Ligand SMILES: Cc1cc2nc3c(=O)[nH]c(=O)nc-3n(C[C@H](O)[C@H](O)[C@H](O)COP(=O)(O)OP(=O)(O)OC[C@H]3O[C@@H](n4cnc5c(N)ncnc54)[C@H](O)[C@@H]3O)c2cc1C
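In the working numbering, the protein residues as written are 13 to 399.
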């Protein structure tokens, strides 16, 4: 076990940071706190392509992946969310869709020309995804989808959505399937739901009213090794895997946001003077700085561990520890950063209040903190609190 970054990781991080600082951070200052448009999102996704955020050049190295997400979130957290959702949709489609669908949608998704979304949650379906009410009914060579999805990241700007729907309510979980909905051939309506933070990362409501989707767009039956032999029994498990895969990414976005807030506060306490000296000389301010730095480091280590272990084996508890700890840490650290800066920390012209609002968004998606705790508890005790 080596806690130092390898030379190659350090070089990668330093050059990525330089690029993000010069090219992406100014765009966050301009657009990071306003509603995103699809054109702008595509343009931003494409700027990140050379660094492997999408596409074939995406690295398998867990530390490179941790560095990429944290560093992007440090300069433009909403963009880290947008590109993460497109990457997740691209991942699911290129591995599990029908070859014809992969041929059509894989390359443009991986090239950043399309924006992806994953639609599971509904007005009555939050922490319990098994209760899906959105309906998909087979009608000849296509499915007809009816229902409402909500809080869908990227939803309002998405070109392609992986939509979870119930095909046979009498079967319960076994009737749940995923569908690739290409908005250009199967149009659906949507609206952005304004939230407290991550203003440029849409959370949206999607409306499906008799939306016809070709039957080959059913995602869950076409595994890589079994394209000729669909196995629908895996479908609901794959939905849960999709949610679990997102957890470490969300945790790392929190680490990036907290790191940014910390850096701003650290700089401030070194120069702000009260009682005739820099406030950074006061022990109670030093306590806040020490707590922030330790909290960020602990979350970063949990994320790296979860990212590395999840490449080797199933590790639900470690992933949930990283998600729960890092997202709650983000709120704690950003709040302390505001406190270190006094009234300046609360002013919207400074960046730190936005960090606090952005961090507050992340304790809820991909399973709330309470749901992560139930997963950790189940792994440790061997008993499930729910079913
Ligand atoms: C920024 C953001 C992005 C999102 N992106 C997506 C997306 O891309 N796709 C998508 O499908 N969804 C998305 N969601 C929705 C998200 O997955 C849900 O909000 C989340 O699963 C929680 O559901 P809920 O909000 O309905 O809360 P509820 O499930 O109603 O929970 C409300 C409260 O009850 C608690 N609670 C619920 N059940 C239990 C229990 N068994 N034990 C203890 N406490 C419990 C929760 O912890 C919470 O505090 C997103 C949400 C946010 C905030």
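We treat Cβ as the ideally placed atom computed from N, Cα and C, and that holds for glycine.
Please read these numbers as outputs of a predicted model, since none were measured by experiment.
Check	Outcome
Buried or exposed by the 16-neighbour rule on C-beta atoms within 10 Å, applied to residue 237	Any reading at residue 237 must be qualified, since the residue scores a pLDDT of 46, below 50, and its modelled position is unreliable; the value itself is stated next. With fewer than 16 other Cβ atoms within 10 Å, it is exposed.
Closest by C-alpha distance to residue 144, when choosing among 91, 153, 157 and 97	157
Whole-angstrom distance between residue 220 and residue 62, CA atom to CA atom	36 Å
Span separating the alpha-carbon of residue 71 from that of residue 345	30 Å
Paired residues, beta bridge with residue 83 - DSSP	BP columns for residue 83 are empty, so no partner.
Residue 360, buried or exposed, once every other Cβ within 10 Å from all chains shown has been counted against 16	exposed
Chain-order list of residues whose beta-carbon lies under 8 Å from that of residue 366 (same chain, five-residue window excluded)	44, 45, 209 and 360
Any non-hydrogen atom of ligand 1 within 6 Å of residue 130 CB	yes
Residue 130 (DSSP reduced to helix, strand or coil)	strand
Per-residue burial, residue 69 [other beta carbons within 10 Å of its own, 16 or more giving buried]	exposed
Cα-Cα separation, residue 240 to residue 28	Reliability fails at residue 240, whose pLDDT of 45 lies under 50, so the model's placement of it is uncertain and the value that follows must be treated cautiously. Cα to Cα, residue 240 sits roughly 41 Å from residue 28.
Secondary structure of residue 93, DSSP reduced to three states	helix
Spatial distance of residue 374 from residue 205 (CA atoms)	16 Å
CA nearest to the CA of residue 52, picked from 153, 25, 125 and 103	125
Limits of the unbroken alpha helix (DSSP H) element including residue 43	37 to 43
Per-residue burial, residue 395 [other beta carbons within 10 Å of its own, 16 or more giving buried]	exposed
Cutoff 6 Å; reference residue 194; Cβ partners in own chain excluding five residues on either side	172
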